[in-house]
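A.B. asks:
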């Protein structure tokens, strides 16, 4: 969103930065974000949503290559946050770990890995689900995780990809649970995950091309956009779908 040249206000008006490539809009957005930071380094007012808000802010800043003391303070807060489930831990690590470093925290993600299905569960006692699996796979990719002590050092990520491919619904979308109704946010999340392995193949048990699942899913997401430009007439769903489609173009 920080890279857009137009900003839609709450009353529906569109503000454009004509001739300056959106730089003023972007600068104003960054200033607003920095000025909204809490004293402890986090973002958000509601304690229940402070974690996910801080993750979203830091990811947006990092993706736009924005640094500074505010970002460092945010990462410090997030690093000290106790993530008590696989989903939150994956989101936390995706922001806080340096690229290519498979730390012991990354290996903790494997505690709720189901080797039979290849999926990751939200927490102990839960069944694997596409949402948690997609988030964990992103974190493993960032850490360049490799299995130790076995011949196939990519076994875990291969099984994870197999799980995501296998849980795709007939209409090329994903639901919160296996066999559930297709979800715009989750389909967007899985697309962004599969993009990390674009043009790759997996061979368990037969050779499968990631692109054969990825590209139909992208087209399904694009076709779900409504005439008014939204997805599901929902601001959050529209933002997530836009971000995924933007990622497909950038990759």
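In the working numbering, the protein residues as written are 57 to 307.
Quick reminder that beta carbons are idealized off the backbone N, C-alpha and C, glycines included.
These numbers come from a predicted model, not from an experiment.
What residues match up with residue 290 in a beta bridge as DSSP calls it?
C.D. replies: In DSSP, residue 290 forms a bridge with 287.
A.B. asks: Do residue 205 and residue 225 have their C-beta atoms closer together than 8 Å?
C.D. replies: It is not a contact, given that the beta carbons lie outside the stated cut-off.
A.B. asks: Alpha carbon to alpha carbon, what distance is there between residue 222 and residue 197?
C.D. replies: For residue 197 and residue 222, the distance between alpha carbons rounds to 20 Å.
A.B. asks: Just mark residue 147 as buried or exposed, buried being the case when its beta carbon has 16 or more other beta carbons within 10 Å.
C.D. replies: So residue 147 counts as buried.
A.B. asks: For residue 241, does the three-state DSSP call read helix, strand or coil?
C.D. replies: It is helical.
A.B. asks: Going by DSSP, name the residue or residues bridged to residue 100.
C.D. replies: Paired residue(s): none; residue 100 is not in a bridge.
A.B. asks: Leaving out five residues before and five after residue 157 in sequence, what residues of the same chain have Cβ atoms less than 7 Å from its Cβ?
C.D. replies: Result list for residue 157: 199, in chain order.
A.B. asks: Can you have a look at residue 219 and say buried or exposed, based on whether 16 or more other CB atoms are within 10 angstroms of its CB?
C.D. replies: Buried, because 16 or more other Cβ atoms sit within 10 Å of the Cβ of residue 219.
A.B. asks: Going by C-alpha distance, which of 81, 208, 87, 140 is nearest residue 107?
C.D. replies: Among 81, 208, 87, 140, the Cα nearest to that of residue 107 belongs to 140.
A.B. asks: Determine the burial state of residue 292: buried for a count of at least 16 other Cβ atoms within 10 Å of its Cβ, exposed for fewer.
C.D. replies: Looking at its Cβ environment, which holds fewer than 16 other Cβ atoms inside 10 Å, residue 292 is exposed.
A.B. asks: Give me the Cα-Cα distance between residue 285 and residue 121, rounded to the nearest whole angstrom.
C.D. replies: One C-alpha to the other measures close to 28 Å.
A.B. asks: May I ask you to report which of helix, strand or coil DSSP gives residue 177?
C.D. replies: Strand at residue 177.
A.B. asks: Is it buried or exposed, residue 195, if we count other Cβ atoms within 10 angstroms and call 16 or more buried?
C.D. replies: Classification for residue 195: buried.
A.B. asks: Compute the distance between the beta-carbons of residue 273 and residue 208, then report whether it is under 8 Å.
C.D. replies: Against a cut-off of 8 Å, the Cβ pair of residue 208 and residue 273 comes out as no contact.
A.B. asks: Is the segment 169–178 touching the segment 131–140 in the sense that three or more CB pairs, one from each, lie closer than 8 Å?
C.D. replies: As far as the Cβ criterion goes, the segment 131–140 does not touch the segment 169–178, which means the pair count is below three.
A.B. asks: Could you check if residue 144 is buried or exposed, using at least 16 other CB atoms within 10 Å of its CB as the buried criterion?
C.D. replies: Buried, by the Cβ-count rule.
A.B. asks: Compare the C-alpha of residue 174 against each of 163, 214, 270, 271 and name the closest.
C.D. replies: The shortest C-alpha separation from residue 174 is found at 214.
A.B. asks: According to DSSP, is residue 202 helix, strand or coil?
C.D. replies: Coil, per DSSP.
A.B. asks: Cutting at 7 Å between CB atoms, please list the residues of its own chain near residue 256, excluding the five before and the five after it.
C.D. replies: If we look at residue 256 and ignore the five residues flanking it on each side, its Cβ neighbours are 266.
A.B. asks: So, are the CB atoms of residue 187 and residue 251 less than 8 Å apart?
C.D. replies: Their beta carbons are not under 8 Å apart, which means residue 187 does not touch residue 251 by this criterion.
A.B. asks: In whole angstroms, give me the CA-to-CA distance for residue 151 and residue 80.
C.D. replies: Taking the straight line from one Cα to the other gives about 26 Å.
A.B. asks: Can you check the segment 114–199 for any alpha helix (DSSP H) of at least 4 residues that lies completely inside it and give the ranges in chain order?
C.D. replies: Within the segment 114–199, the complete alpha helix (DSSP H) runs of at least 4 residues are 125–136, 142–152, 160–164, 186–199.
A.B. asks: In three-state DSSP terms, what is residue 258?
C.D. replies: Strand.
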